[in-house]
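Peer 1: Protein chains in written order, with the UniProt record's numbering: chain A, 1 to 768; chain B, 1 to 556.
1) Mind checking residue 545 of chain A: buried by the 16 CB within 10 Å criterion, or exposed?
2) Start and end of the beta strand (DSSP E) containing residue 65 of chain B?
3) Apply the 10 Å Cβ neighbour rule to residue 702 of chain A and answer buried if 16 or more other Cβ atoms are within range, or exposed otherwise.
4) What span of residues does the alpha helix (DSSP H) with residue 423 of chain A cover, start to end?
5) Ignore the nearest five residues each way along the sequence and tell me which others in residue 426 of chain A's own chain have a CB closer than 6 Å to its CB.
6) Take every Cβ of the stretch 339 to 357 of chain B, pair it with every Cβ of the stretch 391 to 401 of chain B, and state whether three or more of those distances are shorter than 8 Å.
7) Closer than 9 Å by beta-carbon distance: list the chain B residues that pair up with residue 337 of chain A, in chain order.
8) If contact means a Cβ-Cβ distance below 7 Å, which residues of the stretch 676 to 688 of chain A contact chain B?
9) Assess contact between the stretch 373 to 382 of chain B and the stretch 447 to 465 of chain B, defined as three or more Cβ pairs (one per stretch) separated by less than 8 Å. Is contact present?
10) Going by DSSP, which residues form a beta bridge with residue 290 of chain A?
11) Kindly identify the DSSP beta-bridge partner or partners of residue 269 of chain A.
12) What does residue 77 of chain A pair with, by DSSP beta-bridge criteria?
13) Who are the near neighbours of residue 249 of chain B in its chain, counting only those whose CB is closer than 7 Å to its CB and skipping five residues on each side?
14) Does any residue of chain B bring its CB to less than 8 Å from the CB of residue 670 of chain A?
15) With residue 678 of chain A and residue 510 of chain B assumed to form a contact (beta carbons below 8 Å), what rounded beta-carbon distance in angstroms separates them?
16) Confirm, please, whether the CB-CB distance from residue 54 of chain A to residue 159 of chain A is below 8 Å.
17) I'd like the span of the beta strand (DSSP E) that includes residue 231 of chain B, first residue to last.
18) Determine, using beta carbons only, whether residue 505 of chain B comes closer than 8 Å to chain A.
19) Mind listing which residues of the stretch 370 to 383 of chain A have their C-beta closer than 9 Å to chain B's C-betas, in chain order?
20) Check the Cβ-Cβ distances between residue 350 of chain B and every residue of chain A, and say whether any is below 8 Å.
21) May I have the straight-line CA-CA distance separating residue 241 of chain A from residue 328 of chain A, to the nearest angstrom?
22) Can you say whether residue 667 of chain A is buried or exposed, counting buried as having 16 or more other CB atoms within 10 angstroms of its CB?
23) In whole angstroms, what is the alpha-carbon distance linking residue 60 of chain A and residue 104 of chain A?
24) Starting from the beta carbon of residue 47 of chain B, find every residue of chain A whose beta carbon is closer than 7 Å, and list them in chain order.
25) Let me check one thing: in DSSP terms, what residues is residue 195 of chain B bridge-paired to?
26) Cβ of residue 559 of chain A less than 8 Å from any chain B Cβ?
27) Determine the chain A residues that contact residue 404 of chain B at a beta-carbon separation under 9 Å, and present them in chain order.
28) Going by DSSP, what residues sit across from residue 34 of chain A in a beta bridge?
29) Find the nearest neighbour of residue 245 of chain B within the set B/175, B/481, B/232, judged by alpha-carbon distance.
30) Does residue 461 of chain B pass the burial test, meaning 16 or more other C-beta atoms within 10 Å, or should it be called exposed?
31) How would you call residue 215 of chain A, buried or exposed, if buried means at least 16 neighbouring beta carbons within 10 angstroms?
32) May I have a chain-ordered list of the beta strand (DSSP E) segments no shorter than 3 residues that lie completely inside the stretch 104 to 151 of chain B?
33) Is it true that the stretch 407 to 425 of chain A meets the stretch 461 to 472 of chain A, where meeting means three or more beta-carbon pairs spaced less than 8 Å apart?
34) Residue range of the alpha helix (DSSP H) that residue 456 of chain A falls in?
35) Is it buried or exposed, residue 336 of chain A, if we count other Cβ atoms within 10 angstroms and call 16 or more buried?
36) Does any C-beta atom of chain A lie closer than 8 Å to the C-beta of residue 481 of chain B?
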């Protein structure tokens with residue numbers, strides 16, 4: 001449940017810097033039995049008592065006393081002290097308030113003040129000094145800091161070394177998920193299918209459809225039928241991963257290609273990754289992804305055969321449009337570099353010092369530029385599929401990195417199904433998990449990959465941009481996206497643990513054999529799915545995933561009086577500029593606009609458009625212009641605005657731990673709150689109405705307990721004010737998650753000069 | 001520069017209000033009519049382009065620069081002197097001052113069912129604040145604008161200061177703008193006082209009366225030993241002002257005061273900064289390096305400094321429990337920004353539509369922000385050094401606050417944009433002239449219509465659906481570059497490519513839900529009526545929803 005702790009009554013003068021009371025340090029630390037909460041299979045490997053968790057860098061008055069433990073799953077700080085200054089805590093059922101999963105740790109820094117030394121701890125390293133301080137840099141942008149002034153020096157050192165060791169395992173099977181699942185299987189030894197697989201129930205609790213995982217033939221078959229794709233079939237030649245270890249067992253191919261042909265062709269593709277169908281437009285154009293053909297001699301021939309087959313699968317026999325992603329988009333190293341800079345800028349560098357040059361520094365990270373590039377390229381492919389009726393083939397060396405982002409974004413823009421929670425989750429299963437996105441390497445769970453790159457985050461960020469621009473087009477909220485990103489850092493879910501489905505089967509079978517687990521008919525161990533959100537959040541907390549602005553297609557709407565339709569009909573759109581060419585500037589047409597400009601939506605001539613007629617650019621320009629001149633149909637195609645003013649920083653994700661950036665009792669969440677309350681009231685009314693019509697049915701009552709909304713109406717015309725605990729970081733809280741100056745209560749403290757902003761480590765010498 | 005090509009059958013009706021163009025476009029793919037509606041008051045300059053020898057169909061015509069970030073260019077046919085006529089008509093009516101013509105507001109005969117001039121009554125506003133009280137009195141010393149010709153007639157001053165004291169203090173304050181009360185905290189009774197700079201000069205003059213007067217102000221609040229003075233200027237500017245007879249309160253002379261500089265730049269810096277904003281959004285929006293271009297305008301940095309200053313004032317009064325005196329040089333630009341923004345943060349009343357109108361009417365209009373000089377209503381001298389977007393900057397700050405607190409303001413973005421549009425339009429008398437004394441002489445309230453008449457007679461259009469009325473909540477925005485944004489819907493609103501979704505989808509959805517709720521409530525009421533008609537038994541049936549949802553039930 002939520003712990004809604006009332007703010008501690010800290011009426012103190014904010015005119016003076018907080019008194020540097022160190023009485024907590026001097027006083028005898030309390031001795032209490034502090035026990036960790038452990039999951040099945042979780043064991044404590046080391047622990048140290050009398051640890052101080054630092055809350056602010058400029059004062060120790062808020063510090064918490066407790067025990068620091070390192071388990072094979074997390075580091076956990078256990079304390080009896082209540083969290084100071086915190087108004088709200090979004091509770092993850094798998095983790096305590098102060099816990100950090102080992103896979104979320106980015107870097108471990110140990111410090112000894114007295115010897116003026118610091119050391120970044122790698123695995124199996126020695127530490128020549130006894131640490132007085134431990135700083136954990138987390139992958140989700142948090143920075144957590146502990147002090148060992150009162151702890152036993154040796155045990156402090158041991159815990160630090162244990163954390164370093166266990167957070168940087170040598171083998172995939174040492175990740176906690178294996179231990180956890182192994183234990184689950186043992187506990188249910190009699191039942192062979194001990195763990196329910198599947199997508200888990202939706203976040204709203206009962207009645208929500210399961211997320212298809214695309215592990216089975218039938219999931220793919222259903223998707224083919226759902227999109228109405230004719231000329232495509234599910235192919236089972238990779239059953240048992242006989243053809244490729246980085247493809248799913250089932251995938252969809254042009255009907256005209258026989259299994260035998262595919263088997264032959266597969267040898268020519270990098271990673272034997274032959275063309276995979278992703279999605280079909282209702283006009284018959286298909287989105288296909290494939291790896292490069294490495295066999296130079298065969299290249300033309302195979303390419304031709306594949307293209308012909310895709311053409312044959314198109315009802316109009318349209319041509320194929322190829323998009324070479326390696327040539328048009330930033331590569332994974334560039335994206336990683338941008339991310340590192342972004343992170344540096346958002347959390348590591350002092351807040352005030354980065355203010356003056358904030359905008360240009362943000363630009364220099366290139367993160368937004370890359371987000372825009374992916375959105376732009378995807379929007380261009382939407383044009384090809386939707387307007388030119390051509391099938392699109394995404395080409396990339398291995399076809400399992402940039403393709404994941406582009407394929408997903410194109411589908412989010414084109415198909416409203418993927419803007420629902422279940423649809424979005426199925427999209428991630430289809431285009432990421434099953435398509436062999438290398439979560440293990442890209443997330444760098446084992447901390448030794450040179451191939452780390454935040455492509456999945458970039459996809460979530462790009463999705464957020466669309467959500468920000470079309471806030472009523474998505475069933476989910478930005479909290480959902482942020483929580484989904486966090487879930488990639490919890491090594492419990494099979495979803496984000498492996499480089500391919502085959503790796504899961506292979507590794508878990510090995511593990512099962514070594515642990516004497518009977519697998520029966522199962523292909524490998526069944527790990528919990530991240531889509532089973534009930535593992536992480538209570539039903540109430542999961543309602544925060546719902547976007548109160550969203551109107552599902554099935555939602556009944558009143559068709560009379562003032563409430564005509566929830567679709568933005570053309571009538572609602574009033575602008576004198578409607579229907580004007582996009583090149584109209586200040587009411588006047590510009591000549592220059594006929595020439596495509598850089599970074600505009602207008603496509604520049606690209607080398608990969610050999611077959612394009614001259615009119616391609618103007619065709620695309622016209623398509624976008626016409627689309628933007630009309631009100632968006634939220635159950636149809638949505639296209640991103642791409643100008644510098646539209647592509648923004650995802651503040652909730654990147655600023656949620658930054659105390660200085662927090663707007664207390666403000667931010668979009670306050671409007672979200674009002675909306676939720678009203679939406680809840682409407683829900684209650686609509687249920688009451690239905691009940692009236694259906695007569696006094698007991699069943700209707702049961703429904704009344706459930707609400708889609710986190711914030712609920714306390715009565716009709718609920719005009720209650722904004723809850724005290726709301727802030728722009730909600731439902732997250734910066735307190736204790738980013739060791740910064742103690743900014744609280746009053747803005748005046750932000751103007752106090754001379755307060756020490758960041759840690760002492762800068763002046764310390766590195767050991768080594 | 002953009003141009004309108006192939007203008008067939010363009011009609012231009014130069015009325016004294018607006019340039020009204022109606023032309024049908026004959027472009028192949030479109031058949032929509034474009035109507036361009038530009039109040040003449042918005043025009044900053046009109047230029048002829050091209051001459052008799054110009055080649056090309058677009059090189060000859062008129063170029064019109066507007067005060068609201070627009071530029072219009074009209075291509076005309078060379079034959080028939082049409083341009084000369086049009087130029088003359090436009091110049092005459094766009095710049096009536098140069099032609100001894102009245103400003104349009106005096107000709108406007110619009111009627112509204114609400115009289116906006118009644119919105120602000122200083123006595124009532126001070127009474128709302130609990131004034132006068134035993135520390136503060138209302139004085140009519142400036143009734144005929146004799147003490148200070150740029151101040152309002154009615155002033156609130158310390159009870160212990162006599163009118164003679166005030167006259168003596170006036171001699172030591174630039175343009176006689178003495179420290180007077182703007183706002184008083186309802187609980188701790190600390191005050192925000194505004195004035196102009198002291199006339200210290202190079203020699204470091206002192207004035208016992210001024211020193212004593214500030215001490216009297218300090219003593220109205222017993223909670224703190226010091227009076228806090230916020231000088232809005234950068235330190236160096238304040239020092240430089242000594243050369244022209246001005247300056248700031250020194251430590252030696254004012255023992256019981258603490259002085260801080262807020263580093264806000266002067267009107268010229270702000271004007272140049274806005275010019276740079278226009279450069280990056282017009283004619284095309286800078287795309288490849290948008291963020292660094294935006295940074296190079298420094299516009300948001302100035303916004304940040306103004307907001308930061310206001311936050312400090314508000315925080316000092318609210319948490320620091322110290323009275324605050326705010327001034328800049330003359331006390332009518334930066335001072336107005338700081339006091340009004342601080343009051344907006346401190347007093348939720350000013351966040352309502354009427355409260356905000358009162359705030360503008362009081363801190364800006366009555367206290368002599370020089371609207372005529374800053375905007376140049378009807379004046380053809382577009383390059384005048386007195387022009388500056390100070391009021392626009394204030395409205396921008398309000399918009400930034402409303403972005404950070406979407407439920408705290410009763411008004412919406414449209415309200416703010418409407419105010420800015422009529423800042424230039426000359427359709428209403430609200431923003432005409434530099435100070436109250438001139439407005440009185442010109443009988444503005446009798447001869448013109450108030451902007452608030454337009455707004456208050458159509459309030460629903462300007463309401464923020466998310467507004468949640470709150471009392472006594474101090475609103476502290478985060479004045480950080482991480483949150484400040486360029487106000488795209490104002491500065492780039494003429495560019496359809498950039499145009500944000502209108503109406504705002506979040507607001508629209510909320511309004512739809514409100515309508516849906518009312519619909520449901522109505523239908524439920526009907527159903528209940530029908531069922532209660534059937535059953536003459538008035539008691540609720542056991543299956544009524546009252547047990548589960550008493551609130552819903554009681555409502556019906």
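Ideal Cβ placement from N, Cα and C applies to all residues, glycine included.
Peer 2: According to the structure shown:
1) buried
2) 61 to 66
3) At residue 702 of chain A the pLDDT is 45, less than 50, meaning the model places this residue with poor confidence and gives no usable figure here.
4) 421 to 428
5) 211, 212
6) yes
7) Within chain B, no residue comes near residue 337 of chain A; the closest Cβ sits about 18 Å away, beyond 9 Å.
8) 678, 679, 681, 682, 684, 685, 686, 688
9) no
10) A/395
11) A/293
12) A/68
13) 198, 229, 257, 259
14) yes
15) 7 Å
16) no
17) 227 to 231
18) yes
19) none
20) no
21) 31 Å
22) buried
23) 26 Å
24) Within chain A, no residue comes near residue 47 of chain B; the closest Cβ sits about 15 Å away, beyond 7 Å.
25) B/327
26) Confidence at residue 559 of chain A is low in this model, with a pLDDT of 34, below 50, so its placement is unreliable and the value that follows should be read with caution. Chain B, which has no Cβ nearer than 8 Å to the Cβ of residue 559 of chain A, makes this no.
27) 663, 666, 667, 728
28) Paired residues: none, contrary to the question.
29) B/175
30) exposed
31) buried
32) 136 to 139
33) yes
34) 455 to 469
35) buried
36) yes
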